[in-house]
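Q: First the structure, which I've put down as C-alpha cells, then a few questions once you've had a look.
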Amino acid sequence: MNASDPGRLIAADIMGRTVWASPREIVQRLTKINAALVSERLEHRVDQRASAYSLCSKTAIGLRAQVRERTVELKRAL
Numbered sequence: 019m020n021a022s023d024p025g026r027l028i029a030a031d032i033m034g035r036t037v038w039a040s041p042r043e044i045v046q047r048l049t050k051i052n053a054a055l056v057s058e059r060l061e062h063r064v065d066q067r068a069s070a071y072s073l074c075s076k077t078a079i080g081l082r083a084q085v086r087e088r089t090v091e092l093k094r095a096l
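Residue numbering for the sequence shown follows this note's numbering, starting at 19 and increasing by one per position.
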C-alpha cells in the first residue's frame, strides 16, 4: 500500500480525539462535523436577528406609549 491508498489507516485529531481511519473516512467525518457547525452557526445568527427585531419592536411600542402619555399631559397643560 502507498500513502495515497484510501484503504490505509491514518491518525487524525478530530474534536480532541485521535481517530484511526482511512483518509476517505476522515474526510467524511470532518465534512459531517463542518456541516453541523455551519448549520448551528446559521441557526444562531437567525436567533440573534429575531432577538434584535423583538427588542426593537418592544422598544418602539414602549416609545409609542410614552409619546401618547406625554401628548395627553401636554394637551392638559395647555
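For each residue, glycine too, the CB sits at the ideal point set by N, CA and C.
Computed from a predicted model, the values in this text were never measured in an experiment.
May I have the straight-line CA-CA distance separating Ser75 from Arg26, to the nearest angstrom?
A: Roughly 58 Å separates the two Cα atoms.
Q: Would you mind stating whether Ile51 and Ala30 have Cβ atoms separated by less than 7 Å?
A: no
Q: Does the Cβ-Cβ distance between Ile28 and Arg47 come in under 7 Å?
A: no
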